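**Student:**
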Amino acid sequence: MNFSLTYLELAVVALALGLLLLELWTPTALKPKLGYVAAAGLALILGWSFADTIPSESATAFSQMYVRDGLALFFKRFFLMAAILVLIMSVEFSDRIRMGVGEFYVLILFALTGMMFASSANDLIMVFVSLELITISFYVLVSFQRSRMGSLEAGVKYLIMGALSSAFLIFGIALVFGSAGTTNFDGLLQVTKGAADDKVLWLGLLLVLAGLGFKIAAFPFQMWAPDVYQGAPTPVTAFLAVGSKAAGIVLLLRVFLGAVPPVTGQWTKLLMVMAAITILYGNLCAIPQRNLKRLLGYSSIANAGYLLLGLSVLNASGCSAMLYYLAGYLFTLAAAFTVICLVARESDDISSLAGLSQRSPLLAACLTLAMVSLGGIPPLAGFFGKFLLLKSIIEQGPVNPGYYCLAGTALFGVVVSLYYYFGVIRAIYLSKEAPDLTPITVSVPARLSLGVCVIGMFYLGLFPQTALLVAQEAVSALKF
Amino acid sequence: MSPLPYIFCLPLLAALLIVVIPRNYKFVIRGISLLATFGSLVAAITMFCQFNGAPIMEGGFRFVQKISWVESLGINYYVGVDGINLGLILMGAAVAFAAVAVSNRIQTSEKEFYILLMVMIGGILGAFASLDLFCFYFFHELALVPTFIMIGVWGRGENKNFATFQITLYLSIGALLVLIGLIALWLSLPEGQRTFDIVALTEYFKDPAHRMGSGAQHLIFPLLLFGFGILVSLWPFHSWAPLGYGSAPTATAMLHAGVLKKFGLYGLIRIALPFMPDEVKSWMHILAYLCLGNILFCGLVAIRQRDLNLLIGNSSVAHMGFAFLGIASVSLIGITGTIMIMVAHGFLAALTFALSGYLYEQTGTLDMEKMGGLLRRLPFIGTVMIMAMLAGCGLPGFANFPGEAMVLFGSWNQFSLITVLAVWGALVIGGVYMLRAIRTIWHGDKAQPEYADAAGLWRKFPYALLLAGLLVFGCFPRLLTDPIKSSAEPLVRMAAGEGAKAVLIAPSDDVTTIRAATHLSK
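Same order as they appear, the protein sequences are chains A and B.
Numbering (the working numbering) for the first sequence: 1 to 480.
Numbering (the working numbering) for the second sequence: 1 to 522.
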């Protein structure tokens, strides 16, 4: 047993429990402010995570179920950052939650714990447990606005689809265990190195891929994403889009590149097709959308496709590009959802953005930057991320010409996406009739979090050097 | 201290500064934009004057500056000037200043407009100064995106939305093709020698032992040719241009048609031709036929136009045909002519769009049938526009003439039939639509209400500046051709490969040929 390795997770759990207790003695009027306490606590934990250096050798705990290496640390910091931004967003959102604001924050922290454990998973059982922790917290979070039909509908849909994906996952794990005799990643690596074409093992891994595909909303497991994104409370949508997706990605990396690379090596075509269709589906379906959150739901499907590009090349440069892309995606989406949270109070329709440039130039500028970055335009983070992903797949072109087709598909997707991202920008600056021109006041913490997002987008776009090195170091833990 | 970084950093800094200024201070915002572009114009003129005296650094470039940016990928901030981009940068800075000066008609969301305009200007000038492939693309994309937004937001006409959509789609596809091509170019180098550094790449490919494999050339050259081609409105990928320029706000049309569009030609000359000589041979005759499409087809389309902006837009596409013809000839004199045309057409397109913007503001229409007899009301604007249109038909004394003449000299050897048709297109078709436009707009006895002519030195200055550019380089083309020739020669030598002797026309001769061409202009 090596409990001390999990100190970051333990700190988050302690924070969550402390918050539950604190809530008992907090007067109702002050309860929304508990979100700031949680965010401050997470900021301290994030700072703490920088206190010790990245371990060069990976250390394991709980009989090798839990691993602590550079990749895990990268994702832990990523999730902590995401949770801080989401908590600040939640405080802005708290007036729309009838009751149980305190529990709302605590559930976010529990989901965060699940994500942090997921980033350290070194065993299929660990994968399942951490994913369940994430998903069950999200079932409650998605349907938290109990008086709103939309939120309840989204909750039910997420519950059914999430349960289905968990069933796939656990069935897949059972088949893998039945075939390989182990669920540990190190053990699986030994087994697959010997015999990589066991059909039962393949079926099991295929089901695991399906289960994780649900989490990142990749085709053909993307059906739930637009509905749930639209119905869920905005901060939850943001956390689903950033946190839950990144958790799916880190598990894909752990399982398919860490545990069974010999099998994945034979699946490149599958991954390529998945990536291509996901990109096309997300981008083409986003075109007619008029609901902002639904639009971002489809855009998140498209982004899952871009992330899969990095996975499909099965090498270090693809994976570090994925990590880099995710980092840019975090700041971009956090900025977009914070603005939506503040602006779209009655409806999430694009038309609610009309006149935003007069109501709050700051929010208008932030949302514009976020859309520009999502569209992959310099000098923002999205551009460099897409550049790295494209570079990594074109690099593989000589090995398999299919990668050129994949690059073409990705580019087509980028061009299509410009259309609907610019549609949002147009609604901000161009709408003729703006029904409501009351200025929007933005609280100081929200300003701070928007500031962090904007700086993050520009920093990753203009000075990629440091972040790229960090991503490369993190990926080196996978040992290609 | 090198003046080069000021040229493109001043506008970018101005954009940052405008972000923090409250939107009510319209005067301050416009003042900062004017000052920044004036500063970059002064820096560009200083650089042009100091060019001959400046020390020559690596690869024949001057005013070089290099700072490491992303070390692990070998990406640098790397800028420098040689004869090829010298004139382009000067022209870009002049057009930028003129574009800001005529933007006083923008009345809605000025703050955003000037931010985007400054970013666009900084991006264009930065792209021409870049000596690093990544920087080169980065700056271009920085300039391209504001174009779309500006057309969508501040554009005019009922076709605005469609035009925005079309131009965004076309140019994004072009830019992304270029991006793939550039990444593939980078990857075609053996590991360890991969670099984005254009100077180092040129040195590398100069060595015949390092010639790129034919498989890689097959893939990369068409990507770059059509990617850059779409950006320059190569026929048949030109349909975004007339409509887009017709709907764009004046400043955007001036900057895009005048400066940003030349990026594609510049990229072809600087990167595609010298690095992939084998493919040049197989593609250049195709390019020559396509450019006939520009010259003849778009010229004929221009004749049919009733809207002045569509006419100018089509004629600008037609002019690009000459630039492509010069590139297709892969001869020193032809490519020198192309660069000359790029500079000349930059001044010309910016001038005509500025004037048509002024006309639209005064008369409220660009329908030529409704105009007529305007010369009496607008003598200054009318005179400048007539001069500009005649420059567009290739009248000697304006910079277009030496450029087009050199291109035709260059292409005669290889494509004599195409040259004949191109001359016909330039002289007859170009003459027809330009003279008809002059007649319908400016002459005739149609009664017109009182319109305000550009009054005062300040209002006239931007037009005079651009016209001066046309006249100076038209009367003294050697100011440009001398530096271009020495810088273009190694590139042409690389592009022409073994056949270099045939197309170079022995070094001593080509000077006299250029002189012959320039004599005609005097």
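Each residue gets a CB set at the ideal place from its N, CA and C atoms; glycine is no exception.
Here the structure is a predicted model, which means the values were calculated and not measured.
Taking three-plus beta-carbon pairs below 8 Å as touching, is the segment 356-367 of chain A in contact with the segment 437-446 of chain A?
**Tutor:** These segments touch.
**Student:** If contacts are defined as beta-carbon pairs under 8 Å, then L131 of chain A and F168 of chain A qualify, I think. What distance do you get, rounded to the angstrom?
**Tutor:** That pair is no contact at about 11 Å.
**Student:** With three or more beta-carbon pairs closer than 8 Å as the criterion, would you say the segment 1-11 of chain B touches the segment 333-348 of chain A?
**Tutor:** Segments in contact, no.
**Student:** Please state whether the Cβ-Cβ distance between L437 of chain A and G355 of chain A is less than 8 Å.
**Tutor:** Yes; because the gap between Cβ atoms is below 8 Å, this pair is in contact.
**Student:** Do we get a CB-CB distance below 8 Å when we pair E112 of chain B with the residues of chain A?
**Tutor:** By this cut-off, E112 of chain B is an interface position.
**Student:** Going by C-alpha to C-alpha distance, which of B:A251, B:G126, B:N85 sits closest to A350 of chain B?
**Tutor:** For A350 of chain B, the nearest C-alpha among the options comes from B:A251.
**Student:** Buried or exposed: which applies to G456 of chain B, given that a residue is buried once 16 or more other Cβ atoms fall within 10 Å of its Cβ?
**Tutor:** The residue in question, G456 of chain B, is exposed, as its Cβ has fewer than 16 Cβ neighbours within 10 Å.
**Student:** What residue range is occupied by the uninterrupted beta strand (DSSP E) comprising T60 of chain A?
**Tutor:** Run containing T60 of chain A: 59-61, per the beta strand (DSSP E) assignment.
**Student:** Tell me, which residues are paired with R68 of chain A by DSSP?
**Tutor:** Its beta-bridge partners are A:A59.
**Student:** What are the start and end residues of the alpha helix (DSSP H) that includes Y419 of chain A?
**Tutor:** Element bounds for Y419 of chain A: 402-430.
**Student:** Quick one, are the C-beta atoms of P464 of chain A and E141 of chain B less than 8 Å apart?
**Tutor:** Contact: no.
**Student:** Given that a residue counts as buried once 16 or more other Cβ atoms are within 10 Å of its Cβ, and exposed if not, what is H210 of chain B?
**Tutor:** The residue is exposed, with fewer than 16 neighbouring Cβ atoms inside 10 Å.
**Student:** What residues match up with I67 of chain B in a beta bridge as DSSP calls it?
**Tutor:** The partner list for I67 of chain B (beta bridge, DSSP) reads B:Y77.
**Student:** Below 9 Å on C-beta distance, what does F148 of chain B contact in chain A?
**Tutor:** Residues of chain A passing the Cβ test: L418, F422.
**Student:** Take every Cβ of the segment 244-263 of chain A, pair it with every Cβ of the segment 198-205 of chain A, and state whether three or more of those distances are shorter than 8 Å.
**Tutor:** These segments touch.
**Student:** Please determine, among A:R96, A:G41, A:G408, the residue with the shortest C-alpha to C-alpha distance to S347 of chain A.
**Tutor:** Minimum Cα distance to S347 of chain A is reached at A:R96.
**Student:** In whole angstroms, what separates the C-alpha of L35 of chain B from that of L16 of chain B?
**Tutor:** Looking at the two C-alpha atoms, the distance is approximately 14 Å.
**Student:** Along chain A, which residues have their Cβ under 8 Å away from the Cβ of S109 of chain B?
**Tutor:** Correct list: S357, Y429.
**Student:** Three Cβ pairs or more, each shorter than 8 Å: is that satisfied between the segment 118-133 of chain B and the segment 291-300 of chain B?
**Tutor:** Contact fails: fewer than three Cβ-Cβ distances are below 8 Å.
**Student:** Select from B:G258, B:G382, B:D82, B:R105 the residue whose C-alpha is nearest the C-alpha of L4 of chain B.
**Tutor:** Selected option, being the one with the closest Cα: B:D82.
**Student:** Taking C-beta pairs closer than 9 Å, name the residues in chain A that V70 of chain B reaches, listed in chain order.
**Tutor:** Result: F384, F463, P464, Q465, L468.
**Student:** Within 8 Å (strictly less), CB to CB, does L411 of chain A reach chain B?
**Tutor:** True, the Cβ-Cβ gap to chain B drops below 8 Å.
**Student:** Between which two residues does the alpha helix (DSSP H) harbouring L450 of chain A extend?
**Tutor:** Note, L450 of chain A: alpha helix (DSSP H), 444-462.
**Student:** DSSP on G122 of chain B, reduced to helix/strand/coil?
**Tutor:** Correct three-state label for G122 of chain B: helix.
**Student:** I need the DSSP call for S143 of chain A, collapsed to helix, strand or coil.
**Tutor:** In this structure, S143 of chain A counts as coil in the three-state DSSP scheme.
**Student:** In this structure, does DSSP put N314 of chain B in helix, strand or coil?
**Tutor:** Correct three-state label for N314 of chain B: helix.
**Student:** According to DSSP, is A502 of chain B part of a helix, a strand, or is it coil?
**Tutor:** Here A502 of chain B scores only 49 on pLDDT, less than 50, and its place in the model should not be relied on; the value that follows carries that caveat. Three-state DSSP puts A502 of chain B in a helix.
**Student:** By the three-class DSSP mapping on this structure, what secondary structure does D482 of chain B have?
**Tutor:** Helix.
**Student:** Report yes or no: is there a C-beta of chain A within less than 8 Å of the C-beta of A184 of chain B?
**Tutor:** By this cut-off, A184 of chain B is an interface position.
**Student:** Pop quiz: L390 of chain A and A407 of chain A are said to be a contact at Cβ under 8 Å. What is the actual Cβ separation, rounded to whole angstroms?
**Tutor:** About 6 Å separates the two Cβ atoms, so the contact holds.
**Student:** Starting from the C-beta of F239 of chain A, find all residues in its chain whose C-beta is less than 6 Å away, skip the five residues before and the five after it, and write them out in chain order.
**Tutor:** The residues are V86.
**Student:** Does D348 of chain A come out as helix, strand or coil in the three-state DSSP assignment?
**Tutor:** Three-state DSSP puts D348 of chain A in coil, outside helix and strand.
**Student:** Less than 8 Å between the C-beta atoms of L223 of chain B and I180 of chain B, yes or no?
**Tutor:** Their beta carbons are under 8 Å apart, which means L223 of chain B touches I180 of chain B by this criterion.
**Student:** Within this structure, are the beta carbons of G213 of chain A and G172 of chain A separated by less than 8 Å?
**Tutor:** No, Cβ-Cβ distance for G213 of chain A and G172 of chain A is not below 8 Å.
**Student:** Out of A:P233, A:R98, A:A196, A:G243, point me to the one whose CA is closest to L133 of chain A's CA.
**Tutor:** It is A:G243 whose Cα lies nearest to the Cα of L133 of chain A.
**Student:** Does the beta-carbon of M434 of chain B have 16 or more other beta-carbons within 10 angstroms, so that it is buried, or is it exposed?
**Tutor:** Buried, by the Cβ-count rule.
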